[in-house]
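There are 2 protein chains.
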Amino acid sequence: MNNVRFATALHILTLHYYVKDEMLTSEFIAGSMNVNAAVVRKEISNLRKVGLITTKEGKGGGTLLAKPAKDIRLSDVYNAVRQTSPLGKKNVPNPDCPVGKQINVELDVLYNKAEDAMVSRLAAVTLEAFCKPIK
Amino acid sequence: MNNVRFATALHILTLHYYVKDEMLTSEFIAGSMNVNAAVVRKEISNLRKVGLITTKEGKGGGTLLAKPAKDIRLSDVYNAVRQTSPLGKKNVPNPDCPVGKQINVELDVLYNKAEDAMVSRLAAVTLEAFCKPIK
DNA sequence: CATTACTGTAATATTTTTTATTACAGTACA
DNA sequence: TGTACTGTAATAAAAAATATTACAGTAATG
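If you're matching them up, the sequences are chains S and H in order.
All residue numbers for the first sequence refer to the numbering used here, where the first residue is 1 and numbers rise by one.
All residue numbers for the second sequence refer to the numbering used here, where the first residue is 1001 and numbers rise by one.
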């Protein structure tokens, strides 16, 4: 994951923690993080699908946290935006090579262990704990 | 790190474990993993700089492990190829927003903790242990 | 000492991925 | 019915990763 999606998602959630129960528009959020509102709306759409925020359409609409910040773990955020392994991609090796034939199986096992360790660490932090030093 | 460098580096090291003390050329290695020899040479150059392999130039040249596989930790490989945080990039937020102003400081702390957890897990695996099921 | 078989590295091209932008339909409030 | 939002798709632009080409340098070897 060499993109900005985790930071973006966490920024969105943090803003909501900061303003408590106020509804936020995508334009406002986009302003806080200097990105395009459509990017924010796309990430919001994703966070809604995984149940971290709720949205309200139409005039006066916007977004809210779907649950208390103490019940949101940063691993939830990670899983919401995860696309590829943090250790990167694998090659498509030559199947005629005995090493090439087997290595991706072993890499899968390793990548899972490494990622699990990281995700466990993220699970130890709630949105509330993350935001406390900001608020 | 959404690239293939970790897998490439580990593939190179694994091949060397597999062939024991035989010297390998970049062409041979490139063949095993279906990539361009120049890519392999670049990664080899990097692995040499961090002391994981030794190279010999000229005819009959090639590469060897610089030390026993039991003394190479996968965290060494990770550190050798590391470029960016596994949680991705950060935005350049609006400094006029109190959240935007502070969030990257907190993200840095978090990213370090998360990455440390992953690296510790990688440090628990030696090249030898990784290769055993392949050999 | 010329040939051969390598590494080392830079320059460039190509491909892939990510991000930004634009646009507009749909929704709900007033 | 106008206004202010979300939702989403299509496209463009920018950035990053990878591949390719090329060639200088090095060392073995006949």
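In this text, a Cβ means the ideal position worked out from N, Cα and C, and glycines have one as well.
Given the structure is predicted, the values throughout are model-derived calculations rather than measurements.
- The beta carbons of methionine 1118 (chain H) and alanine 124 (chain S) sit no closer together than 8 Å.
- Taking the CA atoms as reference points, threonine 8 (chain S) sits about 37 Å from arginine 1041 (chain H).
- The continuous stretches of beta strand (DSSP E) do not include threonine 1008 (chain H), which lies in the alpha helix (DSSP H) extending over residues 1005–1018.
- Listed along chain H are Gly1088, each with a C-beta nearer than 8 Å to that of arginine 5 (chain S).
- Taking all protein chains in view, the Cβ of alanine 1069 (chain H) is crowded by 16 or more other Cβ atoms within 10 Å, so the residue is classified as buried.
- Within chain H, the residues whose beta carbon sits less than 7 Å from that of valine 35 (chain S) are Asn1091, listed in sequence order.
- The contact set of methionine 1023 (chain H) on chain S, defined by CB atoms closer than 8 Å, is empty, because the minimum CB distance reaches about 16 Å.
- For serine 1032 (chain H), the closest C-alpha among the options S:Val39, S:Asn91, S:Asn46 and S:Phe130 is that of S:Asn91.
- Interface criterion not met: the Cβ of alanine 80 (chain S) is under 8 Å from no Cβ in chain H.
- With respect to chain H, the C-beta atom of glutamate 106 (chain S) has a partner C-beta closer than 8 Å.
- Non-local C-beta neighbours of threonine 63 (chain S) in its own chain, meaning closer than 6 Å and more than five positions away in sequence, comprise Leu24, Ile44, Ile53 and Thr55, ordered along the chain.
- The alpha carbon of asparagine 112 (chain S) has as its nearest neighbour, out of S:Pro86, S:Val99, S:Ile103 and S:Cys97, the alpha carbon of S:Pro86.
- DSSP places leucine 1065 (chain H) in the strand class (E or B) of the three-state scheme.
- Around the CB of aspartate 76 (chain S), 16 or more other CB atoms lie within 10 Å, so the residue is classed as buried.
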